[in-house]
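Undergrad:
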Amino acid sequence: MNIVALTGSNRNHAASSGLAEYAAAIMRESGHTVRIIHLYHTPLPLYSPTAENLQHPGVEQLLQSFEQANAIMLTTPEYHGSISGVLKNALDYLGQAHFKGKAVLTASTAGGPVGISSLLQLQAIVRNLHGVNCPEWISIGGSLRHQFEGISGLQTGVHESVPEADERVFSAVRSFLRLAESLRNE
1 MNIVALTGSN RNHAASSGLA EYAAAIMRES GHTVRIIHLY HTPLPLYSPT
51 AENLQHPGVE QLLQSFEQAN AIMLTTPEYH GSISGVLKNA LDYLGQAHFK
101 GKAVLTASTA GGPVGISSLL QLQAIVRNLH GVNCPEWISI GGSLRHQFEG
151 ISGLQTGVHE SVPEADERVF SAVRSFLRLA ESLRNE
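Residue 1 is where the sequence shown starts when you use the UniProt record's numbering, and the numbers rise one by one after that.
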């Protein structure tokens with residue numbers, strides 16, 4: 001299965017990006033292809049549906065990756081009870097054609113104990129884009145989020161262990177992959 005993960009941080013080595021890398025490594029170990037788009041490394045122009053913006057290399061990569069994906073993962077840091085601005089900007093470029101009928105796993109990292117507000121907002125966006133929210137989500141908060149900072153480039157398929165979060169992430173990823181497979185087989 002072809003999965004795209006979009007990380008919504010504008011900071012290098014962010015915990016939310018590390019969480020996406022960690023989950024992607026688990027998915028790869030299950031035999032799936034995962035492409036991660038780091039908005040820190042691939043900044044997008046502020047959303048405007050102009051020809052100039054739609055021809056921006058980062059926007060073209062985003063659109064193509066989502067068109068080719070069978071399933072989607074969205075990760076964000078929680079800022080002021082919401083998703084990051086860079087993630088919202090990227091989502092504005094996407095539409096129902098990119099999400100319709102696809103399983104979507106949402107994940108957040110937060111300074112507090114949990115990042116529920118950002119996850120609720122992401123799930124509302126996914127519903128409006130006709131994606132199918134995974135019944136489980138991932139929220140990593142407090143000091144635990146620091147264990148995900150700096151995780152990057154786990155392309156080999158062998159994930160680094162974060163024992164305190166392993167079961168939570170594994171459970172959500174398993175649920176997501178089951179949902180994605182069932183939707184793909186419909």
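Just so you know, even glycine gets a beta-carbon here, dropped at the ideal spot from N, CA and C.
1) Once DSSP output is grouped into helix, strand and coil, what is the label at His-80?
2) Quick one: give me the first and last residue of the beta strand (DSSP E) that Ala-110 is part of.
3) Do you know how far the Cα of Val-132 is from the Cα of residue 189?
4) What does Val-132 pair with, by DSSP beta-bridge criteria?
5) Under 8 Å, do Ser-17 and His-38 count as touching if we go by C-beta distance?
6) Using CA coordinates, which residue listed in His-41, Phe-176, Leu-94, Ala-25 is at the minimum distance from Val-34?
7) Buried or exposed: where does Gly-115 fall if 16 or more other Cβ atoms within 10 Å of its Cβ makes it buried?
8) Suppose only complete runs of 3+ residues qualify. What are the beta strand (DSSP E) ranges in the segment 5-30, listed by chain order?
9) Which residues in the same chain have their Cβ closer than 7 Å to the Cβ of Thr-156, if we skip the five residues on either side of it in sequence?
10) When burial is assigned at 16 or more other CB atoms within 10 Å of the CB, is Ser-84 buried or exposed?
11) In angstroms, rounded to a whole number, what distance separates the CA positions of Pro-77 and Ser-9?
12) Taking the alpha helix (DSSP H) that Ser-65 falls in, what are its first and last residues?
13) Is DSSP giving Val-173 helix, strand or coil here?
14) Taking the alpha-carbon positions, what's the Ile-151 to Ala-15 distance?
15) Does the distance from the CB of Glu-136 to the CB of Ser-108 come in under 8 Å?
TA: According to the data block:
1) coil
2) 103-110
3) The chain is shown from 1 up to 186; residue 189 falls before or after that span and cannot be answered.
4) Ala-103
5) yes
6) Ala-25
7) buried
8) none
9) With a pLDDT of only 43 at Thr-156, under the threshold of 50, the placement of this residue in the model should not be trusted; the figure read from the coordinates follows. There are no such residues.
10) buried
11) 6 Å
12) 57-68
13) helix
14) 8 Å
15) no
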